[in-house]
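What follows is one structure encoded as structure tokens, with my remarks underneath.
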Amino acid sequence: LARLNEMGLKCFEPKGAFYVFPCVKSTGLDGDEFSLKLLEKEKVAVVPGSAFGSCGKDYVRISYAYSIKALDEALNRIEKFLKEI
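Note that the sequence shown covers residues 3 to 87 in the numbering used here.
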């Protein structure tokens, strides 16, 4: 959570869930565009917020029900992606 916020993908601490819902609006992309480009460029899959209704269009959902090693690698790739766009 802290690392996503440091990257500029602001999100709130989830209450009892195993996913975060960061806002990607600061990237200039909406959640659909962000998800597709991240998958194509860095092979990291996130769910566009629009899947949860129109108010989620500037968000993506990221599950953290993975190993710390896998999450660290995904965050490294997300950070790389953000630097390239």
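From the three backbone atoms N, C-alpha and C, an ideal C-beta is built for every residue, glycine too.
Own chain, CB closer than 7 angstroms to residue i, minus 5 neighbours either side, in chain order
| i | result |
| --- | --- |
| Pro50 | Gly33, Asp34, Ser37 and Val62 |
| Phe20 | Ser65, Tyr66 and Ala67 |
Exposure of residue i, with buried meaning 16 or more beta-carbon neighbours within 10 Å
| i | result |
| --- | --- |
| Leu41 | exposed |
| Phe83 | buried |
Among the options, nearest to residue i - alpha-carbon criterion
| i | options | result |
| --- | --- | --- |
| Gly18 | Val46, Gly55, Ala67 and Arg5 | Ala67 |
| Val46 | Ile80, Leu3, Gly10 and Leu11 | Ile80 |
Nonlocal neighbours in the same chain, by C-beta distance under 8 angstroms from residue i, ignoring five residues either side
| i | result |
| --- | --- |
| Ile87 | Thr29, Gly30, Leu31 and Lys39 |
Cβ separation of residue i and residue j, assumed to be a contact under 8 angstroms, to the nearest whole Å
| i | j | result |
| --- | --- | --- |
| Val26 | Asp60 | 6 angstroms |
Cut-off 6 angstroms between Cβ atoms - residues of its own chain near residue i, not counting five sequence neighbours on either side
| i | result |
| --- | --- |
| Ala76 | Val46 |
| Glu44 | Arg79 and Phe83 |
Can you check the stretch 49–83 for any beta strand (DSSP E) of at least 3 residues that lies completely inside it and give the ranges in chain order? 62–65
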